[in-house]
Amino acid sequence: MSSPAIHTAPLVRIAKRDGIALWKSCLIRLAAVFLALVLSGLFIYSLTKLNPVDVYKAMYDGAFGTSRRTWITVREVMTLLCIAIGLAPAFKMRFWNIGAEGQVLIGGIVTAGMMIHLGNTMSTPLLLLVMGVASLAAGAVWGLIPALFKARWNTNETLFTLMLNYVAIQLTSYCVSLWENPYGSNVVGQINQQTRSGWFPELFGISCGLNVLLVLVLTVGMYIYLRYSKQGYEIAVLGESVNTARYAGIKPSKVIIRTMILSGAICGLAGFIAVAGADHTISVDTAGGRGFTAIIVAWIAKFNTFVMLLISLLLVFLQQGAIEIATQFGLNDFAANVITGIILFCIIGSEFFINYRLIPRSGKEAKGA
Amino acid sequence: MATEYAVELRGVTKTFGPVVANDRVDLQIHRGEILSLLGENGSGKTTLMNMLSGIYYPDAGEILVNGKAVTIHSPKDAFDLGIGMIHQHFKLVDVLTATENIVLGLKEPGRLDLKAAARRIREICDKYGFAVDPEKKIYDMSVSEKQTVEIVKVLYRGANILILDEPTAVLTPQETARLFAVLRNMKADGKSIVIITHKLHEVMEISDRVAVLRKGAYVGDVATCDTDPQKLTDMMVGHAVTLNIDRPEPKERTKRLEVRGLTVRNQYGVKALDDVTFDVYGGEILGIAGISGCGQKELLESIAGLQRIETGSIRYFPADDGGQTEKELVGMSPLAIKKAGVALSFVPEDRLGMGLVGSMGMTDNMMLRSYRKGLPIFTNRRDPKKLAEQVREQLEVVTPGVNTPVRRLSGGNVQKVLVGREIAAAPKVLMTAYAVRGLDINTSYTIYNLLTAQKIEGVAVVYVGEDLDVLLELCDRILVLCSGKVNGILDGRTTTKEEVGLRMTNLQEKEGAAQ
């Protein structure tokens, strides 16, 4: 057949690490961020001849330049974090819930519908409570459907949840045309703009105070749930091995259904927060891809909700910064996205060096016979 | 430079983390011979051959094929050198035909001509005496046919050196005989064949030469005609086998389990267990012997509530007098069995895939049994931690800490964690599957002593094992499984290795009458 291979040894071997000291992993991650900034700098400079430092400064301004911008950034972080918290138990169970986008939209539709139809009929706190509960229930149903099919017929949850996103998007389109205001505009517009009925009120004198409060409660709650509750323990066991779970007397179908109800419900609540606490309207962009970004947040943080907070902050910072440099320097959105991409690539790529080490081959036995 | 060796390994070393799987192994494979690679479980046979077939890359040492040093990075490199391996677990696509599987991955110029390929396959089959239908789909095939397809696949690619990893483990005696006939034909055709095995009678029957590995190191080789099973055993084990496991006479045997007519089908609809009937008594160790895959796994999992049972009954007797309060376990889930108060412990074969959670520490693994206790919502980690510390101390588990993921521990320590937890549950029936597989001799003895201690305390111990010497020295009674059927229950003190070995491979027709 073909000629025999030449006697050469591979230059480096890859071996899985047994474990890594915390400071080492932090150092690797910091190095990754630094590398990302250098690479993006090179990219910016080679395209535009702009000083990268100015560009980075503009990014910072975009996210935290004014107090208004700061609050928008915080609000965005909270929405993204809420979705990631919802995804965490599902992914920890190795249930690939790609359907957060749809679960958020369903929660958003229910919220918007109630704002329109029940707005001004009851006090805002009561309305908020009703909308919150309804969005939780709607998201739970959207999460329950794929879980039932998985538990009963072992369908592939990745495809199933993904497809449900499109169902949710179509439903949203339908509702938008149903509720459009003004007539013919094909957008819903600001709901209850005059009365602000069903809008999140100011809390502690902060416009997005309620968003922060709700999501931080969830952050702490989910952390405790996953770490210290029996159900969290069952999720961890099932995620590691279905056989071990069965051996321990855990019923996989029951845990799958229970966990997906929880996961969907929190994602639905994120739709409530996005509609009542931020946009005050509904459109197919209400989720805006955050259902997917949140997957990255959950995984990078390894389901530690406090780390998720930091990751969400980083991602939102990059996104807000990118919008700013796009306008300030006339770099278009895509250039900004490239920068985000480079930074994400480096951060995710650094995980490889945290999990594996490279062993250079010593030359002593590499001689041919 | 002419050389008589088809393959030569010089100083080949492979380590996995702290484990040295192969330590400076020198091995020659001659042209036109059948070489048996013999060694106990975990002696590094498969690892060594995987380096030859391109699955692993050696850390040190060199490989020469036909006298020339080569580098084998991938199975493709190995094929290019004429080396083909038939793995223990077949790598076939179920929905494709034999022909399609065989040509899969080949990069031949021109159009894919399945008819011509099928013709060539028939030629190969005729030449060596295989029986396989090229048009048959894999999912319609028996295990033996699948193995044939794997062998033909390798020959189709022009392999001159064939490596078979425990080829007879899944075959019936008749199929084994057929396989051996084919191997002899191939040898006559000048091909070199390596058989990885630990069955001595097959070694004596088929091979020209035997190379022995022990704990990753090369012990030596010997012509088959100059040796006998006893000598080979000594080479394999390093010294004449004198185990000296303490085996006190059972006292106060109380019936704990009564299994009647148990029949279980595996996922392919084949009977994994066929009308299995036996009793388990407290105060004794019941050994279960058999070739791997003869229903041992299904038997234990049936009792543990993890298998769907077609017919039969499993009764559990909780009272010490064997009284009236027996419980039927068939149809119960593992949780229901536990809730019914059945004191059953189970050390499964797949330690990290079923018995333990690899990513969790000892503490969290202790919880696997007990996490439902205590407060309604939150877990209690205090008692499991205490238990983990206790197991660590009593069984001398080597671990950096009770929160270190058990996956990072060595095989022996992993097993200690698992056995320690199962014994701590104070069982009345303790089932173990391959409890000492892959463990060093000291840890193995620790396990034997633990099991014997349990027996003395009146626990009914079920020990599924593969080492006959151990079964004969440890167990009070030995149940031999053959193709899912009970092929005799023997007295561990009076029976012989030959008797057990014979019953493992040959189904005795009129067994019921003899008892």
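Read top to bottom, the protein sequences are chains L and S.
No gaps in the numbering here: position 166 of the first sequence is 165 in numbering that gives the first Met the number 0, and each next residue is one more.
No gaps in the numbering here: position 256 of the second sequence is 255 in numbering that gives the first Met the number 0, and each next residue is one more.
We put the CB at the ideal spot given by N, CA and C, even for glycine.
Quantities reported herein were computed from a predicted structural model and do not represent experimental measurements.
- Flagged as an interface residue toward chain S: Tyr227 (chain L), by a C-beta distance shorter than 8 Å.
- Look at Lys337 (chain S): its C-beta is under 8 Å from a C-beta on chain L.
- Distance from Thr72 (chain L) to Val315 (chain L) at the Cβ level is roughly 6 Å; contact confirmed, criterion being Cβ atoms closer than 8 Å.
- As DSSP reads the structure, Gly281 (chain S) sits in a beta bridge with S:Thr253.
- For the stretch 373-386 of chain S, the beta-carbon criterion of a distance under 7 Å to any beta-carbon of chain L is satisfied by Ile376, Phe377 and Thr378.
- For Lys190 (chain S), no alpha helix (DSSP H) run applies, since DSSP gives it neither H nor E.
- By the neighbour-count criterion, in which a residue is buried when 16 or more other Cβ atoms sit within 10 angstroms of its Cβ, Asp490 (chain S) is exposed.
- Chain L places no beta carbon closer than 8 Å to that of Gly410 (chain S), leaving this residue out of the contacts.
- With its beta carbon at least 8 Å from every one in chain S, Asn185 (chain L) lies outside the interface.
- Per DSSP, the continuous beta strand (DSSP E) segment holding Asp490 (chain S) begins and ends at Lys484 to Asp490.
- Between the alpha carbons of Pro317 (chain S) and Met430 (chain S) lies a distance of about 16 Å.
- Within 10 angstroms of the beta-carbon of Arg151 (chain L) lie fewer than 16 other beta-carbons, which makes it exposed.
- In the DSSP assignment, the residues bridged to Glu61 (chain S) are S:Arg9.
- When the beta-carbon positions are compared, Val346 (chain S) and Ala452 (chain S) stay at least 8 Å from each other.
- The DSSP-derived three-state label of Met430 (chain S) is strand.
- For Glu239 (chain L), the chain S residues whose Cβ falls inside 8 Å of its Cβ are Val356, Gly357, Ser358 and Met359, in order along the chain.
- By DSSP's assignment, Tyr315 (chain S) forms a beta bridge with S:Leu256 and S:Lys326.
- With contact defined as three or more Cβ pairs closer than 8 Å, the stretch 239-258 of chain L and the stretch 176-192 of chain L are not in contact.
- Per DSSP, Ala325 (chain L) is one residue of the alpha helix (DSSP H) stretching across Thr304 to Gln327.
- Comparing alpha carbon positions, the residue from S:Ala116, S:Ile160, S:Arg110 and S:Leu95 closest to Lys136 (chain S) is S:Leu95.
- Any Cβ of chain S closer than 8 Å to the Cβ of Tyr246 (chain L) would place that residue at the interface, and such an atom is present.
- DSSP places Lys270 (chain S) in the strand class (E or B) of the three-state scheme.
- Using a CB distance cut-off of 8 Å, Arg119 (chain S) does not count as an interface residue toward chain L.
- Short of 7 Å from the beta carbon of Thr326 (chain L), and not among the five residues preceding or following it, lies no beta carbon of its own chain.
- The beta-carbon distance between Ile194 (chain S) and Ile205 (chain S), rounded to whole angstroms, is 7 Å. This is short enough to meet the 8 Å contact definition.
- Closest by C-alpha distance to Thr253 (chain S), out of S:Gln306, S:Val458 and S:Val221, is S:Val458.
- Judged by pairs of C-beta atoms under 8 Å, the stretch 10-30 of chain S touches the stretch 41-48 of chain S, as three or more such pairs exist.
- If you draw a straight line from the Cα of Ser24 (chain L) to the Cα of Ser39 (chain L), it comes to about 23 Å.
- Taking a Cβ-Cβ cut-off of 9 Å, Val274 (chain L) has no neighbours in chain S, whose nearest Cβ is about 32 Å from it.
- For Ala68 (chain S), the uninterrupted beta strand (DSSP E) run begins and ends at Lys67 to Val69, by DSSP.
- Using a CB distance cut-off of 8 Å, Gly352 (chain S) counts as an interface residue toward chain L.
- The C-beta distance from Arg314 (chain S) to Glu327 (chain S) rounds to 6 Å, short enough to fall under 8 Å.
- Checking the DSSP bridge columns, you'll see Thr14 (chain S) partnered with S:Val19.
- If you compare the alpha carbons of S:Asn65, S:Leu47, S:Ala117 and S:Val405 with that of Leu212 (chain S), the shortest gap goes to S:Leu47.
- Taking the Cα of Ile162 (chain S) as reference, the smallest distance to any Cα among S:Gly352, S:Asn486, S:Glu32 and S:Leu449 is reached at S:Glu32.
- At a C-beta separation below 7 Å, Tyr370 (chain S) has these neighbours in chain L: Lys229 and Tyr232.
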